[in-house]
Each structure stands twice: as structure tokens, then as C-alpha cells.
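In what follows, a structure is listed as C-alpha cells, so that the remarks can point back to it.
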Amino acid sequence: GLPGDDRERLLVSAQQVAELKPDFIRIYPTVVLAGSPLAKLYKEGRYMPLPLKDAVTQVKELYRFFSRRNIQVIRMGLQATVDLDKGSTILAGPYHPSFGHMVYSEIFLDMAMSAIKSANPKGDRVGLHVHPRSVSKMRGLKNGNIKELRGKFHLQSVEIVPDDSLKEDQLKVNALP
């Protein structure tokens, strides 16, 4: 979301970072902070930050990019603080106190959609098995993933089932009676 960035430049930057072989990375989408040079561009109409949804999608892509290269992503989005949450520090941009959770939720939604399509479960009730620490990620903010899956696949019920046998990034689907 930097001025002049597009998807291609984003991926070139990601590749350059990956070539440095870092032990871990943090991904921060660009926000406009009061008093910054970017704030001046924003106020002049010369810079428009990414909408939250687009930033989540971009960071999801970056997360997958780095994960495939065994580079650990230890943070996505700014750490929530009292000052940031007051609303006077960030003028514009994709800030959300649960930004990282939103990215993980999108990843799990993609996994669930793919798994349901592949499994083609009979009936209108499915169980999505995930590691207990991934239950919230699978549900999404305000159960948004469950609502999305119910609507897309015309399901009566989507149950999230904690399953210790799975890794934190795994998902299994089955039809429910």
C-alpha cells in the first residue's frame, strides 16, 4: 500500500526480502499517521491508502508467499495501543486492532471453501475440524466465515470441531447427520 505500489511491485519487494533469508518478518500495511510526510500527500489527495479488505487480501498473499519459503511471519498489522485506538493518530488506512486475526480468518475461509468443494459432503450440515487454537480463526470475526460458508454452499449448519490431532494450519471437513 505504499505510494505507487501495485501487486507486481509488492511481490518484487517480497522476493527481495525473501532473498535476505530473514529468520522472521513482520508485515505492516501502510497507514497514514498524523504529522507524517504521507499525511501531507493524503491531505492533498495525492495518496489514497488501501481499503481494509484489500489490505487483508494483500497481506494474506504475502503471508502465503513467506510461509512457502519457511520464513515465519510473527506479526501482521500494527499492535493495538491506546493512542492508535483513540483515532487521532491514524488519519487513514487499513488499521484494525484484530488485523492479523482477519488475515488468518481469510486463510481459513479459503481452506474451508476448497475442502468443502473437494469433499462434496452430502447433506446440508458440515463439520470443520481444526486444531483447538485455530477455532477462532476458522470462525472469523463475528462468525463471518461460518455465515459466508453457509451462504455459498447453501448449508443449514457449519460446526467448528476442535481436533487435537490436527496441526494449527490444517482443516478437515465431514458431513454431519
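At position 47 of the sequence shown (counting the first as 1) the number is 47 in the UniProt record's numbering, and the numbers step up by one without a gap.
Glycine included, C-beta positions come from ideal geometry on N, C-alpha and C.
No experiment lies behind these values; they were computed from the predicted model shown.
{"Asked": "What does the alpha-carbon distance come out to for the pair residue 48 and residue 95?", "Found": "14 Å"}
{"Asked": "Helix, strand or coil: how does DSSP classify residue 168 here?", "Found": "coil"}
{"Asked": "Starting from residue 127 and walking both ways along the beta strand (DSSP E), at which residues does that stretch end?", "Found": "125 to 130"}
{"Asked": "Check for me: the beta strand (DSSP E) holding residue 92 runs from which residue to which?", "Found": "90 to 92"}
{"Asked": "With DSSP as the reference, identify every bridge partner of residue 175, one or two as the case may be.", "Found": "126"}
{"Asked": "In three-state DSSP terms, what is residue 56?", "Found": "helix"}
{"Asked": "Residue 51: buried (16+ other C-beta within 10 angstroms of its C-beta) or exposed?", "Found": "exposed"}
{"Asked": "If you draw a straight line from the C-alpha of residue 74 to the C-alpha of residue 24, how long is it?", "Found": "7 Å"}
{"Asked": "Would you identify the three-state DSSP class for residue 67, choosing helix, strand or coil?", "Found": "helix"}
{"Asked": "Does residue 77 pass the burial test, meaning 16 or more other C-beta atoms within 10 Å, or should it be called exposed?", "Found": "buried"}
{"Asked": "Taking the alpha carbon of residue 97 as the reference point, which residue from 83, 107, 119, 109 has its own alpha carbon closest?", "Found": "83"}
{"Asked": "Do residue 171 and residue 115 have their beta-carbon atoms positioned less than 8 Å apart in this structure?", "Found": "yes"}
{"Asked": "Just mark residue 4 as buried or exposed, buried being the case when its beta carbon has 16 or more other beta carbons within 10 Å.", "Found": "exposed"}
{"Asked": "For a test of the three-state rule: what should DSSP assign to residue 48, helix, strand or coil?", "Found": "coil"}
{"Asked": "To the nearest angstrom, how far is it from the Cα of residue 9 to the Cα of residue 129?", "Found": "37 Å"}
{"Asked": "Inspect the beta-carbon positions of residue 102 and residue 41 and report whether they are closer than 8 Å.", "Found": "no"}
{"Asked": "If I'm right that residue 90 touches residue 63 with Cβ under 8 Å, what's the distance once you round it to whole angstroms?", "Found": "Contact doesn't hold; Cβ gap of about 22 Å is too wide."}
{"Asked": "For residue 72, I'd like the list of residues in its chain whose CB is within less than 6 Å of its CB, leaving aside the five on either flank, ordered along the chain.", "Found": "24"}
{"Asked": "What is the DSSP secondary structure of residue 20, reduced to helix, strand or coil?", "Found": "coil"}
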